[in-house]
Every structure is written in C-alpha cells, then in structure tokens.
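First to last, the sequence lines map onto chains A and B. Read left to right, the first sequence gives residues 358 to 551 (the numbering used here). Read left to right, the second sequence gives residues 3 to 153 (the numbering used here).
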Amino acid sequence: MIGDLLINVGAVSLLAIFAFWILRTRYLVGVVVVSGAFSLTAAALFVVLDAVDVAFTEAAVGAGIATVLGLATLTFVPHFEKPHRFKGAALGISWFPALLAVATGLLLTLAVSDLPRFGSADAPIHNHVAPHYINESPNEIGIPNIVTAILASYRGYDTLGEVIVIFTAALAVLVLLVGRTRSRRDKQRKGRRQ
Amino acid sequence: MHDDPVVRIVAKVLIPSIMLFAFYVQFHGDFGPGGGFQAGVIFASAFILHAIIFGLNRTRHVWAFRPNLAVLCVGVLLYGGTGILGMLGGGNFLNYNVLGDTPQAGQHLGILLVELGVGMSVAASMVMLFFAFAGRATHNRFLSSKERNDE
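As structure tokens, then:
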C-alpha cells in the first residue's frame, strides 16, 4: 500500500518535472529526449494501474518510435528554439494566457471532485458493456486476454478505423516527403538538358 | 560512433532478437499483453536500429521501398478482407463467428488474421515514416561516415 503510494507520487512528480522542463527549455533535442522519458514514466504509471496493454503501447510508441522520429526530424531543423516574446508580457510572464491556464486548471480540478471514486464498482464505466465483456468473452471469444478480445473482435470496427488512420498518415507523409516535387523534377530536367 | 565495432556487433546481436520479440508479441497477444500495434512498432524499430547503425542506404538495400509499400497496403486489405470473409460466410462485416467450425474457432482465426493485418500495416508505416524523415536529413546524420565520404 505504502509502496504503491510512493511509486504513484514519485511517478506523477517526475511527470510534472519533465513537463516543466520541456516548457522552459529551448534546446529541442532535449525536448525530444525528455518527451521520451515522460512517455516511459507514463508507461510505468499505466503498469501500476494494471493497464499493461496500454503501458506496452505507450512504451513502444511514445517512448520509442516518437522519440526516434522526433530526432530524425531535428536533423533538418535548427536545434534551438528562437526566443520569442508574447504581447503584453510583464515580469517574464504573459499574464492573459497564464490566467486562462490557471482558470482552466481550477475548473478541471473542481470537475474531478464530481467523478466517481477511482476503482469504485458502481461507476458508470463499470456497469455498461464491461460486465458483458468480462463474463461472456471466455465463452464467446475464448481467448485469455480480454483486451485483445475487445480490440480485435467486439470493437473490430474501431480498430479497422485506427489502422486506416495509420495507413493514411503514412500515405500523407509519402506524398509530402518522398518522391519528386515539381522543383526537384525541374532541376532534374535541367540537369539532363545540360 | 557508427564505425565502432562494439556498436556494430551489439546491433547485429540485437536486431534479430528484436524481430523475434516482435513476433512473440504479435502471436502471443491472445494470451498476454501485446498485439498487432505493439508488435508492428517493435518490428519497425529493428529496421530503424539497422538504419542508425549501418546507414540508411544499406537498410534500403535490405528492405526496399516497394515491398514496404506492399506490406503497408496488404495489412489494411487483410483486415478488411477478413471482415468481408465474415460477410461471405453469412455474418455481418467483421463477424468472425462464421470463419471456423465453431464460433470460438472462428473468433480465434479472425483475431489472428486481423492482428496480423494490424502488425503488418503498423510496421510498414513506421518504417516508411522513418525512411521519409531520415532520408530528407540535410546533414545525413543517419548515414555512416563512409557513405558520407562517398557522396
């Protein structure tokens, strides 16, 4: 119990420290690397919450691939963010956005008090389709991992949509970054003529 | 760093193990944590590690652009095709019950095929994204120093 508490408090404060560090620094390589660390810490938190499948995805996608893609992108942009000033900034703080952020934070904190207690059995989320999945999936699907049963079978249509999103993203990057653009094609033609 | 023999040999040991682990995650997703998404990302990371250590050109030689594009499309088609197979068997789209002799066997087969489609699509798109970004790098940071000299 006390161990769980320590892990939770430690991981959440680490997340806060990483988030502030990312906000304050102008060194973009550092931002990418610390974002990876942020994802890994979040993955650890998901493990504590017994959401191993989510933790696995977060560690692989958030901490792994996203970091590598970020670093790959940084090979063709400058490594430092330009210093910028917002209008109406005083004492190094832009007051209007800061006020807006604090107000939104307060509202969200107020809203949290209306949520059902964490893990409570009569929360709406545990009384909709979840009991059906837990009770019936051994008979209907017959595989031990209920998460896979939900993702691939009960919610197969959503997962198809997700795959198509990834497919579309890959195609979009393909169109934008790979292959010939008009200027490159013209350059090649010029080269051939000479 | 790329020409360091330690890095190269460790990479050579790691890359096949990463691929094997990806297959484990892919086909063990029914029993433990994992599935197509995670397996696809892990499988792609093997190619990315290869590109970082040995240079993008050699990775392109090992795994060319066109087969990658084919795997990307076949993954999505495999998923959709499994759904249509369910329709041909008399069920709804993506109803796997009709795929096997018993509903459970059908579900097992359907989930296996669908997860395989997800894995193929995700792996290919991650490799594609990395190739697209790293291939445009002006500094050619992802090429080994030998290749940089060749250019």
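Think of the CB as a built atom: it goes at the ideal place given N, C-alpha and C, for glycine as much as any other residue. Since the structure is predicted, the reported quantities are computational estimates derived from the model, not experimental observations.
Under the assumption that residue i contacts residue j (Cβ atoms under 8 Å), give the Cβ distance between them as a whole number of angstroms.
i, j, result
"Thr414 (chain A)", "Ala368 (chain A)", "With 8 Å as the limit, Thr414 (chain A) and Ala368 (chain A) do not qualify as a contact, their Cβ atoms being about 17 Å apart."
"Ile17 (chain B)", "Ala48 (chain B)", "5 Å"
"Gly82 (chain B)", "Leu517 (chain A)", "7 Å"
"Phe135 (chain B)", "Ala429 (chain A)", "4 Å"
"Gly119 (chain B)", "Val520 (chain A)", "7 Å"
"Ile55 (chain B)", "Val9 (chain B)", "6 Å"
"Gly112 (chain B)", "Ser510 (chain A)", "7 Å"
"Tyr514 (chain A)", "Leu96 (chain B)", "6 Å"
"Ala527 (chain A)", "Leu131 (chain B)", "6 Å"
"Gly108 (chain B)", "Val116 (chain B)", "The Cβ separation is near 12 Å, so there is no contact."
"Thr61 (chain B)", "Ala72 (chain B)", "Thr61 (chain B) to Ala72 (chain B), Cβ: 17 Å. No contact."
So for residue i, helix, strand or coil by DSSP?
i, result
"Ile54 (chain B)", "helix"
"Ser510 (chain A)", "helix"
"Ile113 (chain B)", "helix"
"Ser566 (chain A)", "Within the shown structure, residues of chain A are numbered from 358 to 551, placing residue 566 (chain A) beyond reach of any answer."
"Phe49 (chain B)", "helix"
"Leu96 (chain B)", "coil"
"Ile500 (chain A)", "coil"
"Asp103 (chain B)", "coil"
"Pro8 (chain B)", "The sequence as given places Val at residue 8 (chain B); Pro does not occur at that position. Val8 (chain B) falls in the helix class under three-state DSSP."
"Gly42 (chain B)", "helix"
"Phe67 (chain B)", "helix"
"Val418 (chain A)", "helix"
"Asn484 (chain A)", "coil"
"Leu472 (chain A)", "coil"
"Leu457 (chain A)", "helix"
"Phe413 (chain A)", "helix"
"Phe395 (chain A)", "helix"
"Thr466 (chain A)", "helix"
"Pro18 (chain B)", "helix"
"Val373 (chain A)", "The question names Val, but residue 373 (chain A) in the sequence shown is Ala. Helix, per DSSP."
"Met128 (chain B)", "helix"
"Val535 (chain A)", "coil"
"Thr432 (chain A)", "coil"
"Arg138 (chain B)", "coil"
"Ser477 (chain A)", "coil"
Just to confirm, is the Cβ distance from residue i to residue j under 8 Å?
i, j, result
"Leu74 (chain B)", "Ala24 (chain B)", "no"
"Asn329 (chain A)", "Gly34 (chain B)", "Any question about residue 329 (chain A) goes unanswered here, given that chain A covers just 358 to 551."
"Val405 (chain A)", "Asn365 (chain A)", "yes"
"Ser123 (chain B)", "Gly42 (chain B)", "yes"
"Ile379 (chain A)", "Ser392 (chain A)", "yes"
"Arg138 (chain B)", "Phe433 (chain A)", "yes"
"Ile498 (chain A)", "Ala506 (chain A)", "yes"
"Ile50 (chain B)", "Val388 (chain A)", "no"
"Pro440 (chain A)", "Arg383 (chain A)", "yes"
"Ala394 (chain A)", "Phe403 (chain A)", "no"
"Val15 (chain B)", "Asn70 (chain B)", "no"
"Ile422 (chain A)", "Ala13 (chain B)", "no"
At the 8 Å Cβ level, is residue i part of the contact set with chain B, yes or no?
i, result
"Ala429 (chain A)", "yes"
"Leu508 (chain A)", "yes"
"Tyr490 (chain A)", "no"
"Leu363 (chain A)", "no"
"Val390 (chain A)", "no"
"Gly421 (chain A)", "yes"
"Phe433 (chain A)", "yes"
"Ala527 (chain A)", "yes"
"Thr382 (chain A)", "no"
"Ile482 (chain A)", "no"
"Phe413 (chain A)", "yes"
"Ala400 (chain A)", "no"
"Phe403 (chain A)", "no"
"Pro440 (chain A)", "no"
"Val418 (chain A)", "yes"
"Gly393 (chain A)", "no"
"Gly462 (chain A)", "no"
Closest Cβ-Cβ distance between residue i and chain A: below 8 Å?
i, result
"Ser19 (chain B)", "no"
"Thr140 (chain B)", "Residue confidence is low: Thr140 (chain B) scores 44 on pLDDT, short of 50, so the model does not pin down where it sits. Its coordinate-derived value is still stated next. Closer than 8 Å: yes."
"Gln109 (chain B)", "yes"
"Tyr81 (chain B)", "yes"
"Ile55 (chain B)", "no"
"Gln28 (chain B)", "no"
"Leu101 (chain B)", "no"
"Met89 (chain B)", "no"
"Ile44 (chain B)", "yes"
"Gly112 (chain B)", "yes"
"Ala72 (chain B)", "no"
"Phe132 (chain B)", "yes"
"Ile11 (chain B)", "no"
"Val64 (chain B)", "no"
"Arg150 (chain B)", "Note that Arg150 (chain B) scores 49 on pLDDT, short of 50, meaning its location in the model is unreliable; the coordinates nonetheless yield the value given after this. Answer no: the Cβ-Cβ gap between Arg150 (chain B) and chain A never drops below 8 Å."
"Ile50 (chain B)", "yes"
"Gly85 (chain B)", "yes"
"Phe144 (chain B)", "The predicted position of Phe144 (chain B) is uncertain, since its pLDDT is 48 and thus under 50; a value taken from the coordinates is nonetheless stated next. For Phe144 (chain B), the answer is yes, since a Cβ of chain A falls inside 8 Å of its Cβ."
Please name the residue or residues paired with residue i in a DSSP beta bridge.
i, result
"Tyr384 (chain A)", "A:Phe437"
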